[in-house]
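Below is one structure, written out as structure tokens, with a few remarks after it.
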Amino acid sequence: MSPVTTTAVILAGGTGRRLGLEGPKQLAAVGGRPILTRAIAAFDAAPQIDDILVVMAPGHLAAAELAAGPYPKVTGVITGGASRTDSTLRALSALESRPGDARVLFHDAARPFVDARIIAECVATLERAEAVAVAVPSSDTVVVVEGDRVVEMPPRGSLRRFQTPQGFRLATIRTAYERALADPGFAANPPTDDCGVVHRYLPGVPITVVPGSEQNIKITHPVDLIVAEQITSRENAPGSAD
14 MSPVTTTAVI
24 LAGGTGRRLG
34 LEGPKQLAAV
44 GGRPILTRAI
54 AAFDAAPQID
64 DILVVMAPGH
74 LAAAELAAGP
84 YPKVTGVITG
94 GASRTDSTLR
104 ALSALESRPG
114 DARVLFHDAA
124 RPFVDARIIA
134 ECVATLERAE
144 AVAVAVPSSD
154 TVVVVEGDRV
164 VEMPPRGSLR
174 RFQTPQGFRL
184 ATIRTAYERA
194 LADPGFAANP
204 PTDDCGVVHR
214 YLPGVPITVV
224 PGSEQNIKIT
234 HPVDLIVAEQ
244 ITSRENAPGS
254 AD
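Taking this note's numbering, the leading residue of the sequence shown gets 14, the next gets one more, and so forth.
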């Protein structure tokens, strides 16, 4: 019986528009290294990960291949689609030969500071669960607004902010997307992430949550680059772990 494999899919299809960049934000440097390189390196160093698939923004495949070159676990760099959903579907197509019990972690390349503990806990959780999410408590009060009025204030203690990676058994995420694509309303109102697809189309599948990290930020706005540089400056400080 073949061992169960775990693939990390690095979704690098984002643009740099909100950062004011001309090219993809994942190619921007933070602490002297491209954001994409940092994300790849985190999964390449994780012993729980068998291989890595990078899904890159169209037109920038060569740059992604260059960033991935030093990392032996990267077995493929493919072109992503126009949306996150399209990029996930292309990754699933690239993994179509894998058995249903194989595991896959989807991670945003724009989160370059994911740590070894998060990766290890996600993979361990998939030994007993079909879907796993990474989340941190919300430090802000989150409200539901209609127009310009607050209509609901959910208790903050039960609220979490999702991060990535999000992990699945391949059979589970495949089935969720098969049902989503059969829904005429999916294209007009897709969930914002892969756990959202599972939650909507496989409501009987529990999504287990593991703790994230406040350092596992997503670089989206210019202020995020400032925070990222501060994180890397602590990494490079004398006496810090390499």
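C-beta: ideal position from N, C-alpha, C; glycine also.
A quick note: this is a predicted structure, and the numbers were derived from the prediction, not measured.
Check: Three-state secondary structure assigned by DSSP to Q243; Outcome: helix
Check: T188 CB to nearest heavy atom of the ligand GDP below 7 Å; Outcome: Summarising the ligand content, the structure contains no ligands, and the ligand GDP is consequently not present.
Check: Alpha-carbon spacing of S152 relative to S110, whole angstroms; Outcome: 42 Å
Check: Cβ-based burial, G113 [other Cβ within 10 Å; buried from 16]; Outcome: exposed
Check: Where the beta strand (DSSP E) containing H212 begins and where it ends; Outcome: Unbroken run through H212 is the alpha helix (DSSP H), D207 to Y214; no beta strand (DSSP E).
Check: Nonlocal neighbours in the same chain, by C-beta distance under 7 Å from F119, ignoring five residues either side; Outcome: V22, L24, T101, T177, P178, Q179 and D207
Check: Span separating the alpha-carbon of T228 from that of D237; Outcome: The amino acid occupying residue 228 in the given sequence is Gln; Thr does not appear at that position. So the alpha carbons of these two residues sit roughly 11 Å apart.
Check: Segment contact, 8 Å Cβ cut-off, at least three pairs: the region 124-131 with the region 47-60; Outcome: yes
Check: Selection from I91, A123 and P85 that minimises the alpha carbon distance to A77; Outcome: I91
Check: Contained beta strand (DSSP E) runs [length at least 3] in the region 107-192, N- to C-terminal order; Outcome: 116-121, 144-150, 157-159, 162-165 and 173-182
Check: Cβ pair V218, A146 closer than 8 Å; Outcome: no
Check: Cα-Cα separation between A41 and P47, rounded to whole angstroms; Outcome: 5 Å
Check: Stretch-stretch touch, CB-based, cutoff 8 Å, three pairs: the region 191-205 with the region 162-172; Outcome: no
Check: According to DSSP, residues forming a beta bridge with I91; Outcome: V68
Check: C-beta atoms of V211 and F181 nearer than 8 Å; Outcome: yes
Check: Backbone CA spacing between L108 and G89 [nearest angstrom]; Outcome: 10 Å
Check: Reduced DSSP category for I23 - H, G, I as helix; E, B as strand; rest coil; Outcome: strand
Check: V136 beta carbon less than 8 Å from that of Q61; Outcome: yes
Check: Which listed residue (A200, I239, E143 and H73) has its alpha carbon closest to that of L215; Outcome: E143
Check: Distance, T50 Cα to E248 Cα; Outcome: 16 Å
Check: Cβ pair R124, I230 closer than 8 Å; Outcome: yes
Check: C-alpha distance - V156 paired with P168, whole-angstrom precision; Outcome: 9 Å
Check: Through-space distance from R213 to A133, alpha-carbon basis; Outcome: 27 Å
Check: Straight-line gap, G94 to P204 (C-alpha atoms, nearest Å); Outcome: 16 Å
Check: T50 (DSSP reduced to helix, strand or coil); Outcome: helix
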